[in-house]
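In the numbering used here, the protein residues as written are 1079 to 1378.
And the structure:
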């Protein structure tokens, strides 16, 4: 079903009634058998009804299939219970015989002690029984009638009906609890699902409003741009030494560029790769700004 409580209930209910059934107290096997089947049937039906009533219809089976499964399950329970009902007397007899044999074997070491106690008890003086008081026949009949009157209420006391009434009250309380609390739990779960869906939608909106660059630029194109820039720089006497790195050359010429410029240069220096259009645009903008600031001044 939908919670471990169901398994606890079935195991506890089955265990208690099965033990009572095995004991066979005063011939109430059939009553315990009937109470067990009624309890299983009512509880299983109520739980299935409560779950199917508040479950999502898209993710559950139809009510016809649910009813079919319930009927087949109850048929299996009834069949198994009937089999147990008719086989228990035989098993009880076998268990009694085995228990008797086990007790006899267990008492073998205590045989000398038991023999000594029997001899001791036989040697005790036996008091003569007092002569029974003779009661007239009429008085004896009245006494027996009074005993029957005093015993009859105890025998006919309707404790079965009281037990059935208490069971019905307990079942009604269980049904009321399920019908009262199940919607709250389902509503809470639905609210959590809606909240999670809202978080997912917000994350998707953020991704849409702040998209990552979908366009890639070939590093070979940027590499050619940089080689062209370096050739133009040499034409304006901004010569780069062979032992200098690009960073050292830019620092010597006091050209200010963005902090990511040199990282982008390391990515494009060999070509054959792609980088984001944002990095490519920023790299080209840095080169163009140096041309405008430094190269045009020399032309003027």
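No residue lacks a Cβ here, since even glycine has one placed at the ideal position from N, Cα and C.
Everything numeric in this text was worked out from a predicted model, so none of it was measured.
Comparing alpha-carbon positions, the option among 1310, 1304 and 1249 lying closest to residue 1113 turns out to be 1249. CA-CA distance, residue 1370 to residue 1343, rounds to 20 Å. In this structure residue 1338 touches residue 1360 by the C-beta definition: roughly 7 Å separates them, less than 8 Å.
Cβ atoms of residue 1345 and residue 1297 come within 8 Å of each other, at about 6 Å. Rounded to whole angstroms, the separation of the alpha carbons of residue 1118 and residue 1170 is 24 Å.
Excluding residues up to 5 positions away in sequence, 1318 lie with their Cβ nearer than 8 Å to the Cβ of residue 1308 in the same chain. In this chain, the alpha helix (DSSP H) harbouring residue 1298 covers 1297 to 1313.
A residue is called buried when at least 16 other Cβ atoms come within 10 angstroms of its Cβ; residue 1195 does not meet this threshold and is exposed.
DSSP, read as helix, strand or coil, puts residue 1354 in strand. With a threshold of 16 other beta carbon atoms within 10 Å, residue 1255 falls short and is exposed.
Annotated three-state conformation of residue 1330 is helix, per DSSP. The shortest C-alpha to C-alpha distance from residue 1300 to any of 1312, 1182 and 1356 is the one to 1356. Residue 1323 carries a coil assignment under DSSP once its states are collapsed to helix, strand and coil.
Rounded to whole angstroms, residue 1184 and residue 1177 show a C-alpha spacing of 10 Å. The alpha-carbon separation between residue 1251 and residue 1128 amounts to approximately 14 Å.
Counting only the Cα atoms, residue 1202 lies some 42 Å from residue 1167.
Between residue 1373 and residue 1314, the CB-CB gap stays under 8 Å. About 6 Å separates the Cβ atoms of residue 1130 and residue 1144, confirming a contact at the 8 Å cut-off.
DSSP places residue 1194 in the helix class (H, G or I) of the three-state scheme. The distance from the Cβ of residue 1120 to that of residue 1148 is about 12 Å, inconsistent with a contact at the 8 Å cut-off.
About 14 Å separates the beta carbon of residue 1330 from that of residue 1340, a gap too long to meet the 8 Å contact definition.
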